[in-house]
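Engineer: Have a look at this one.
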Amino acid sequence: MKRILMIGCGDVAMRTLPLLAGRYRVYALVRNPAYCEKLRKAGATPVIGDLDNRASLRRLAGLADVVLHFAPPPAGGAVDVRTRNLLSALSVGRVPKQLVYISTSGVYGDCGGDWVSETHPLNACSQRAELRVSAEGQIREWAKRNRVNASILRVPGIYAA
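To get this note's numbering, take the position in the sequence shown, counting from 1, and add 2.
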């Protein structure tokens, strides 16, 4: 059975989980142990770790065939250190075959309602969008270096229910 690792267990990930559970062996990185039971009930095996603490991510090495990266960037800084820490952990041992990153259309800036495609120039106008651009670049570089199939999905506006 294919193994999937979910990074970030917020609203979008929790809506995705029922579509995967039962068809795949799903692991979910969770920072707070209080959420473990909720993840188990939804069909995932919780893995305790914190993207802000590189040492806590050692258990991720070789764990999954596919990684779904839903986690947001940190609140500040010039580089998305959470993605950097994740990629460092995934680089140990057998790397996943595929990594899917949920980014944002915010990397394009304000396009005034115009249609935008993936070829549109990036124009991040907020620190959060700049950190998403940082994560995208790190993922592309890491995937190329490790021969991993990477997909970056730029989702427009996510609002939790």
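Backbone N, C-alpha and C define an ideal beta-carbon position, used for all residues, glycine too.
My parser needs the alpha helix (DSSP H) runs of 4 or more residues fully inside the stretch 102-154; what are they?
Structural biologist: Entirely contained in the stretch 102-154, the alpha helix (DSSP H) runs reaching 4 residues are, in chain order, 129-148.
Engineer: Just mark ARG134 as buried or exposed, buried being the case when its beta carbon has 16 or more other beta carbons within 10 Å.
Structural biologist: ARG134 should be labelled buried.
Engineer: Can you have a look at ILE50 and say buried or exposed, based on whether 16 or more other CB atoms are within 10 angstroms of its CB?
Structural biologist: Result: exposed.
Engineer: Would you mind sorting GLY78 into buried or exposed? The rule is 16 or more other CB atoms within 10 Å of its CB.
Structural biologist: That one is exposed.
Engineer: Taking ALA15 as part of the alpha helix (DSSP H), name the residues at either end of that continuous run.
Structural biologist: Unbroken alpha helix (DSSP H) run through ALA15: 13-22.
Engineer: Buried or exposed: which applies to ASP54, given that a residue is buried once 16 or more other Cβ atoms fall within 10 Å of its Cβ?
Structural biologist: With fewer than 16 Cβ atoms within 10 Å of its Cβ, ASP54 is classed as exposed.
Engineer: Pick out whichever of GLY111, ALA80 and LEU70 has its Cα sitting closest to the Cα of LYS99.
Structural biologist: Among GLY111, ALA80 and LEU70, the Cα nearest to that of LYS99 belongs to LEU70.
Engineer: Return the residue from the list GLY45, GLY10, GLU132 and ARG33 that minimises the CA-CA distance to LEU21.
Structural biologist: Checked all of GLY45, GLY10, GLU132 and ARG33; the closest Cα to LEU21 is GLY45.
Engineer: Quick check on DSSP: helix, strand or coil for PRO158?
Structural biologist: In this structure, PRO158 counts as coil in the three-state DSSP scheme.
Engineer: What's the call for VAL157, buried or exposed, on a 16-neighbour Cβ count within 10 Å?
Structural biologist: The residue is exposed, with fewer than 16 neighbouring Cβ atoms inside 10 Å.
Engineer: Note down the Cα distance separating ASN173 from GLU132, rounded to an integer number of angstroms.
Structural biologist: Because the chain is modelled from 3 through 163, residue 173 falls outside the range shown and cannot be assessed.
Engineer: What separation, rounded to the nearest whole angstrom, lies between the Cα atoms of GLU143 and LEU41?
Structural biologist: Spanning the two alpha carbons is a distance of roughly 31 Å.
Engineer: Am I right that VAL118 and TYR110 are in contact with their C-beta atoms under 8 Å? What's the rounded C-beta distance?
Structural biologist: 5 Å between Cβ atoms; contact.
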